[in-house]
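Structure first, then comments.
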Amino acid sequence: MKDKNNIIGKRFESNMCNEFTVLEIIQNKKGTRYLIQFDEINGIKYRTTTEKKHILSGGIKNPYYPLKLGIASIGSINTKEHVKEFNKWRAMIDRCYDINNNHYNTYGGKGVKVCDRWLCFEFFYEDIKHIKCYDEEKLKMENYI
528 MKDKNNIIGK RFESNMCNEF TVLEIIQNKK GTRYLIQFDE INGIKYRTTT
578 EKKHILSGGI KNPYYPLKLG IASIGSINTK EHVKEFNKWR AMIDRCYDIN
628 NNHYNTYGGK GVKVCDRWLC FEFFYEDIKH IKCYDEEKLK MENYI
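Residue numbers (the numbering used here): 528 to 672.
Right under this line is the structure:
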């Protein structure tokens, strides 16, 4: 009989992002899951639990891995719950980094960049509430984004 723990401590590569290590086995009502930790990305060592089949197939995603234009990430936040904010963020990233964006020449083409923290939507969302002219009901952020 094979040892169920044979993947504990081993490293794997995700098909969608960086490498991760299997830390421990977790038994619960729904069966066996594994705690994994991705390699550090932008100061974050993201942890999650998953099934063995996802580990072996590489089908696990690190939400902090920069998939958007190779520079920006979503983070641990549900974008569907914050659609207006997400659209503002995505437009900002596109203007500054997507050479095919109609406004790139006015922003990224002139050297305008987004601060490292805001390259992750989760942190952008946390911070926008503190911008002086931000109005959650009207989502007005003129002159800032």
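Glycine residues also receive a C-beta, built at the ideal position from the N, C-alpha and C atoms.
Looking at the DSSP output, Val641 bridges to nothing. Nearest to Gly597 by C-alpha distance, out of Asp662, Met543 and Phe539, is Met543. Residue pairing from DSSP places Lys595 in a beta bridge opposite Ala599. Check the Cα spacing between Ser600 and each of Leu562, Asn628, Asp643 and Glu578: the tightest is with Asp643. Counting of Cβ neighbours within 10 angstroms places Glu612 among the buried residues, the total reaching 16 or more. Its Cα nearest to that of Gly636, the residue Cys623 stands out among Lys580, Cys623 and Gly570. The alpha carbon of Asn569 has as its nearest neighbour, out of Tyr661, Thr606, Tyr652 and Trp645, the alpha carbon of Trp645. Inter-residue distance for Ser603 and Val549 is about 20 Å (C-alpha atoms, whole angstroms).
Along the region 544-608, the alpha helix (DSSP H) occurs as fully enclosed runs of 4 or more residues at 579-584, listed in sequence order.
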